[in-house]
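Right, one structure below, let's go through it.
Residue numbers (our numbering), protein chains in the order written: chain A, 113 to 261; chain B, 13 to 110.
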């Protein structure tokens, strides 16, 4: 298998895992007694995003037959995605203890609310939108940069 | 022993990114973290931080010392390597647990 096929397979696998994970949590709905489907779904979704980010970054580094600018864009988007997940990762923690994130202590009502809310494996609602907007802005900045050259 | 730096950087980078995402998933799969059971958070932090360590090292070393990459790629690797390192420092200073 050549490098180009590895990158294509990685992208397909990553995106597919993400959507399969999302489908699992919708088809097999979890309750407060049985959280298995939620955990399986979150695991698959995050592994999918891991595959996707890894493939984007590797796509920008390894040698294969692709346009130089496109390769640069893959690396840029991959690193941006990684940075966004790095900043967002504390939000993905499922912590119902009193110390919470370590920023302040939760009351018992807040703890109950956090337990029921549970991270969606994509962070707080709207996290996907934020990701998409930042990617589009990055793309526009990149295009603008290219035009100036 | 002869290492091919470029390949080593690529392997470490991919392992690091995957470890980071596996670490986030571990927290949810083993969770929730409670006052009596802090194991999910501890395991998750170790995996995430190991992954981020690999990523930071690979990005910075790859950007500075690996001559096989094109110059713009090297610049990008250094910039993001420092950005991720700084972000980690700030996140760890603001939060009690990672």
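Quick reminder that beta carbons are idealized off the backbone N, C-alpha and C, glycines included.
Supposed contact pair residue j and residue i - C-beta distance, whole angstroms, cut 8 Å
{"i": "residue 68 of chain B", "j": "residue 31 of chain B", "result": "Incorrect: roughly 12 Å between the Cβ atoms, too far for contact."}
{"i": "residue 172 of chain A", "j": "residue 195 of chain A", "result": "Contact flag wrong, Cβ pair sits at about 14 Å."}
{"i": "residue 184 of chain A", "j": "residue 129 of chain A", "result": "Contact flag wrong, Cβ pair sits at about 26 Å."}
Residue of the options minimising C-alpha distance to residue i
{"i": "residue 161 of chain A", "options": "A:124, A:251, A:248", "result": "A:124"}
{"i": "residue 136 of chain A", "options": "A:146, A:121, A:152", "result": "A:152"}
{"i": "residue 63 of chain B", "options": "B:34, B:93, B:20", "result": "B:34"}
{"i": "residue 188 of chain A", "options": "A:117, A:166, A:138", "result": "A:166"}
{"i": "residue 28 of chain B", "options": "B:101, B:103, B:102, B:93", "result": "B:93"}
{"i": "residue 120 of chain A", "options": "A:132, A:134, A:174", "result": "A:174"}
{"i": "residue 99 of chain B", "options": "B:44, B:65, B:59", "result": "B:65"}
Contacts that residue i makes with chain A (C-beta to C-beta distance below 9 Å)
{"i": "residue 85 of chain B", "result": "172, 173, 183, 184, 187"}
{"i": "residue 17 of chain B", "result": "Chain A residues near residue 17 of chain B: none, gap ~12 Å exceeds 9 Å."}
{"i": "residue 25 of chain B", "result": "166, 169, 170, 173"}
Per-residue contacts from residue i into chain B (C-beta, under 9 Å)
{"i": "residue 253 of chain A", "result": "Correct list: empty, because the minimum Cβ distance to chain B is about 13 Å."}
Cα-Cα separation between residue i and residue j, rounded to whole angstroms
{"i": "residue 177 of chain A", "j": "residue 156 of chain A", "result": "31 Å"}
{"i": "residue 149 of chain A", "j": "residue 202 of chain A", "result": "22 Å"}
{"i": "residue 74 of chain B", "j": "residue 85 of chain B", "result": "10 Å"}
{"i": "residue 70 of chain B", "j": "residue 127 of chain A", "result": "25 Å"}
{"i": "residue 78 of chain B", "j": "residue 22 of chain B", "result": "11 Å"}
{"i": "residue 39 of chain B", "j": "residue 48 of chain B", "result": "15 Å"}
{"i": "residue 24 of chain B", "j": "residue 36 of chain B", "result": "18 Å"}
{"i": "residue 214 of chain A", "j": "residue 180 of chain A", "result": "Model confidence at residue 214 of chain A stands at a pLDDT of 49, short of 50, so the residue's coordinates are unreliable and nothing is read from them."}
{"i": "residue 42 of chain B", "j": "residue 133 of chain A", "result": "17 Å"}
{"i": "residue 116 of chain A", "j": "residue 122 of chain A", "result": "10 Å"}
{"i": "residue 244 of chain A", "j": "residue 56 of chain B", "result": "26 Å"}
Beta-carbon neighbours of residue i, restricted to chain B and to distances below 8 Å
{"i": "residue 161 of chain A", "result": "33"}
{"i": "residue 134 of chain A", "result": "In chain order: nothing, as chain B lies at least about 14 Å away."}
Neighbourhood of residue i by C-beta, 7 Å cutoff - its chain only, sequence neighbours within 5 removed
{"i": "residue 191 of chain A", "result": "169"}
Other residues of its chain near residue i: CB distance less than 6 Å, five sequence neighbours each side excluded
{"i": "residue 233 of chain A", "result": "Low confidence applies here, because residue 233 of chain A scores a pLDDT of 44, under 50, leaving its location unreliable; read the following figure in that light. The residues are 154, 157, 158."}
Neighbourhood of residue i by C-beta distance below 8 Å, restricted to the same chain and skipping five residues each side
{"i": "residue 89 of chain B", "result": "71, 72, 74, 75, 81"}
{"i": "residue 141 of chain A", "result": "149"}
Interface residues of chain B facing residue i [CB-CB closer than 7 Å]
{"i": "residue 151 of chain A", "result": "40, 41"}
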